[in-house]
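Each remark here refers to the structure printed beneath this line.
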Amino acid sequence: MLHREPKVAPEYIYPVDEWRIIEKRFARRYLEQSETIFTLANGYMGIRGAFEEGRPAFQNGTFINGFHETTPIVYGETAYGFAETAQTMLNVADAKLLRLFVDDEPFIPEHANLIRFERVLNMRDGRLERTALWETPAGKRVEIRSIRLVSFEHRHLAAVDYEVVVHNSGAPVVLISEMILPPDALGNEANRAASQEPDPGKIDPRRSRNFNERILLPVLQRCEDQRIILGHRTRNSAMTIACGMDHVVRTECGYSSESHCQEDRANIVYTVAARPGQSFRITKYITYHTSHNAPVSELIDRSARTLVRSCREGWQRLCESQRRHVDDFWQRSDVRITGDLRVQQSLRWNLFQLLQASARVEGAGIGARGLTGQTYEGHYFWDTEIYLLPFLIYTAPRIAGNLLRFRHSMLPAARRRARQVGEKGALFPWRTINGEEASAYYAAGTAQYHIDADIVHAIRKYVEMSGDPDFLASHGAEILVETARLWLSLGFYSEQKNGQFCINGVTGPDEYNAVVDNNLFTNMMARENMRYAADVMTSLHQQAPERYAALVDRTGFRPEETDDWRCAADAMYIPFDEKLGIHLQDDNFLDRQLWDLESEPTENFPLLLHYHPLVIYRHRVIKQADVVLALFLLGNVFSAEEKRRNFDYYDPLTTGDSSLSVCIQSIIAAENGYGEEAFEYFRYAVLMDLADIGGNVRDGVHVASIGGTWMALTYGLAGMRDHGGMHSFNPRLPNQWEGMSFPLMVRGSELEVELVHDQATYRLRKGGDLTIRHQGQEVTLREGESATLAIRRPEKRPAFTIETVIPRDKFDAVLFDMDGVLTATAEVHALAWKEMFDEFLKKREQQLGEPFRPFEIGTDYLLLVDGKPRENGTHDFLASRGIQLPKGSPEDGPGMETEWGLSNRKNDLVQEIIRSKGVHAYPGSIRLLHRLRRDGVRTAVVTSSANADLTLEAAGIADLFDAKVDGNVAAELGLAGKPDPDPYLEAARRLGAAPARAVVIEDALSGVQAGKRGGFGLVLGVARSVSPDEMRRNGADVVVADLGDLLPD
């Protein structure tokens, strides 16, 4: 179930391009989210996409993976075993800053007179590029070009190439290269002074904490010519950091430079005598080095070496190495979609974020928001193992192995944590940076014991798919032993459950049902954990006795433990309701009060920000996929019918308040044959950040959701499964696409999968023989060979009929929209709007010099004017272009430049077309009208058009309606136009029908929204120009391509 609409930025600001995210103009209202979207990172460092000039900015953030401060967790009331130490990833010195002044006037994009502006995230080159043409208050035209990158080749290095050209005059130019410690690091007073938070009183537990005292302490500074390095140490965690900058200048203009260095800030001021048309170009190299134990002086030396090498090798060489790394990534990872360019662009941005989060992760994990923001304080969760590692295992297995080795390094802390909560074995932290538990809320933190089994699940997948023969013996088996011990200690054999093994007092993936007994996901994953641990230890004993003996020494393992684990696994209690035929999420799930999600206001989602946890815990409502996640991860232990029944039951209860949910819902919807639902959930996943579905992308990207998007493609739409190391495919390509292809690395072999609607091609690009299954058929591939196989399509669901959609005993009246539903006049209106607006915009170009950008039917018409009263449509379109005109009055002539004048000009054009060419009525709609009239159903036409009489007469259908509410009636009664429901409510009143017993039929989004808001019994969408999915998202209950589809031939 989906409760928030994607807010896709308009294409005139962010046009579609398959390899680039383009910002065509400076848009203040998208500033916060664009800083996240344009972030550059490499897994070690991340620099948010704020401007080099430093203003305007929501957060000039620079983050280093694993560089954190620790503080005591303060509880009003504490208890034994509560987590003690908070860890927070720090915002470190901002070194990208380059402030430009021309004639002493600052260049600030928000206030500058920008003749031209474009910013591009180039996902082929791994760079952020910006060009701007600025006209200064003195009329001088200044071209500014900047290119920024965070190196994948050299993980400690970033760079900015910045060029300034004054075109029509000479001018004094000052460029200040700065490095400044952020207010975050200086304590609460500085934080409050710099805060950009619009609602300081709103509590969001996901956001990062503020510090009461200074947390980065100055230690050492070094200034040598154009190179400056600052060194600091954290107050509590005692970590050290050095941040440095160096510069290379290329220009024929005369210039001088002057350096200034303080403890927390440094700058180099370049004073330039700019000559017309001549370039002043500076390349700024930036480096960060951090350590847990190295002194600051050593880090400053390392930084100096990085900067000297970078200046010597130069900008061009750095760009070439970046392109090589990115090319290699796309060769291993690109998912190609044909037939949907917007999805292709969005998908590639998602995949690029996975590269940026993981490329140089070494000795660290991947935070919930990567290195794009501080939400969740930079903590590592289960996200890595369940949502990110599948992508990395199949595209970058070396990095996947590094992440699991880092998780193994937390094992000593996990053993200590298990002792703290009274258990044996090891309990990995729910959220952490340094291995210690950092979750202050145990019910949604420590109680999520399933993280142990999640890690084991990832280990098993890595071992089966990577071909890494050493990992189990060197790292994995030790984790298996300690986690299996945890489960045996945590659970018990219950007399009340006939001796079955139960695990009480846990929280599953769904955090809206906390501290429950026998969470299905937890029990089933624990069962797999114990079985796999037993199997691995038995195998090691037989096949690698020396490695086995070393493991026994490290863990104190006893051979009889495997019998204990198998016994508990075999006796595991699996909650199931025989009456409903579903697996229960936990023992008491059905005893909770059902939450009426349909009636919940959209603004109340996510529920966790609007209701006390106890209120939520008392209800049968789900934050994210829980049982449904088990259907995916452990799909080989459920029957097809069990998957269908479970999904059908739990999906309507799921709010999707977690970004981790829709990708899993998409996978299981696809497996159940629910193609439209699968694609809709996938669309939400791929747009989670680009369309700001959660309303918080300003705080960073949802990295795990992005990993889930890849899974929704490969496991969902491509139907891949890999249980037991065998790959099977049951493709379900969406109707909206022409094809899809993607690569997979399997035990050193490179497999390419290419899908179109009627066939699948599997090509082994490299490696040894590989056996796969396609819809049950086994195929063995050899290097360089391919196999093309037909795709069997599932049986279609029964078509809608008038008897099932509009049953006579349920509905008394049907209310028809006119344009696009009854008559083919939507095209007439679209053409009239275009002619009127294009004429108006060309006139502004001639008179005001504004660039002419035509009215687009595919976007401007459908999104801004379709279905609305003409004066509202005129206002909304003008507002989208930043044009303000007097409103005027309905009596304004069509030649007047007022909103009403333009609206009346459009109306005249419509009438001219109708009178000269007539009107075509849709045959299917007319057939349905006659059938309804024959059955005694009352009918009305509801339209915002003031030309209803003219149109209906021209179409020959005026006598088929019992009532009419058009633009003239609405004006007389003062009714608000669509999407307000007033016109439809008035029509129902005139027919004597209650809204609940009336049907609204619409083809426009504004009309569908009106029907939904009016509480009508059925909103029937006709998908002529808007996609069925879009209509459903806006309130349509049923969508058909043509109303004739409801009638037998």
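The opening position of the sequence shown corresponds to residue 1332 in the numbering used here, with each subsequent residue numbered one higher. In this text, a Cβ means the ideal position worked out from N, Cα and C, and glycines have one as well.
query, result
"What's the gap between the Cα of ALA2341 and the Cα of ASP2150?", "16 Å"
"So for ILE1905, helix, strand or coil by DSSP?", "coil"
"For the putative contact between ALA1731 and LEU1720, defined by C-beta atoms under 8 Å, what is the C-beta separation to the nearest angstrom?", "5 Å"
"PHE1712: buried (16+ other C-beta within 10 angstroms of its C-beta) or exposed?", "buried"
"Return the residue from the list ALA2049, GLY1377 and ARG1878 that minimises the CA-CA distance to ALA1688.", "GLY1377"
"Quick check on ARG1325: buried or exposed, where buried means 16 or more other Cβ atoms within 10 Å of its Cβ?", "Only positions 1332 to 2380 of the chain appear in the structure, and residue 1325 is not among them; the question remains open."
"Please name the residue in ALA2277, VAL1603 and ALA1410 whose C-alpha comes closest to that of SER1588.", "VAL1603"
"Count the other CB atoms within 10 Å of the CB of PRO2200; is the residue buried (16 or more) or exposed (fewer)?", "buried"
"Provide the residue(s) that pair with LEU1950 in DSSP beta bridges, ordered along the chain.", "In the sequence as presented, Leu is not what sits at residue 1950; that position holds His. Partner(s): GLN1924."
"By a C-beta neighbour count over all protein chains shown, 10 Å radius and 16 as the cutoff for buried, is PRO2314 buried or exposed?", "buried"
"Is the CB-CB distance between ASP1841 and GLN1924 below 7 Å?", "no"
"Taking the alpha carbon of ASP1595 as the reference point, which residue from VAL1423, MET1741, PHE1448 and LEU1431 has its own alpha carbon closest?", "VAL1423"
"CB-CB under 8 Å to ARG2399, same chain, minus the five flanking residues each way: which ones, in chain order?", "Since the first residue shown for the chain is 1332 and the last is 2380, residue 2399 is missing from the structure and cannot be characterised."
"In three-state DSSP terms, what is ILE2214?", "coil"
"Determine the DSSP secondary structure at ASN1444, reduced to helix, strand or coil.", "strand"
"Quick test of the definition: if touching needs 3 or more C-beta pairs under 8 Å, does the segment 2023 to 2036 touch the segment 1684 to 1703?", "yes"
"Whole alpha helix (DSSP H) runs in the segment 2022 to 2082 with 4 or more residues, listed along the chain?", "2034 to 2042"
"I'd like the ranges of any alpha helix (DSSP H) spanning at least 4 consecutive residues and lying wholly in the segment 1770 to 1841.", "1781 to 1797 and 1808 to 1821"
"Nearest-angstrom Cα distance between TRP1818 and ALA1857?", "7 Å"
"For ALA1524, count neighbouring Cβ atoms within 10 angstroms of its own Cβ and tell me buried if that reaches 16, exposed if not.", "Here ALA1524 scores only 47 on pLDDT, less than 50, and its place in the model is too uncertain to base an answer on."
"From PHE2142 to TRP2164, what distance separates their C-alpha atoms?", "36 Å"
"May I have the straight-line CA-CA distance separating ILE1786 from ALA1695, to the nearest angstrom?", "15 Å"
"Quick one: measure Cβ to Cβ for LEU1371 and LEU1459, integer angstroms, because I've assumed they're closer than 8 Å.", "6 Å"
"State the Cα-Cα distance for the pair ILE1344 and ASP1799, rounded to the nearest angstrom.", "47 Å"
"Distance check for THR1621 and PHE1389, CA to CA, integer angstroms please.", "26 Å"
"DSSP state of LYS1615, grouped into three classes?", "strand"
"If you drop the 5 nearest sequence neighbours on each side, which residues of the same chain put their C-beta closer than 8 Å to that of GLU1436?", "THR1467, PRO1468 and ALA1469"
"Relative to the alpha-carbon of ALA2279, which residue among SER1992, PHE2147 and THR2229 has its alpha-carbon at the smallest distance?", "PHE2147"
"For the candidate residues GLY2050, GLY2006 and LEU2064, whose alpha-carbon lies nearest to that of HIS2058?", "GLY2050"
"Taking all protein chains shown into account, decide if HIS2105 is buried (16 or more other Cβ within 10 angstroms of its Cβ) or exposed.", "buried"
"Rounded C-beta distance between VAL1497 and PRO1607? I'm assuming under 8 Å.", "6 Å"
"Among all the DSSP beta bridges, which residues are the ones paired with HIS1620?", "ALA1573"
"When you compare each of TYR2015, THR1986, GLU2002 and ASP1988 to CYS1994 by their alpha carbons, which one comes out closest?", "TYR2015"
"Look up LEU1735 in the DSSP assignment and say whether it is helix, strand or coil.", "helix"
"Closest to ARG2078 by CA distance: which of ASN2066, VAL2087, MET2071 and LYS2097 is it?", "LYS2097"
"Where does ASP1434 fall in DSSP's three states?", "coil"
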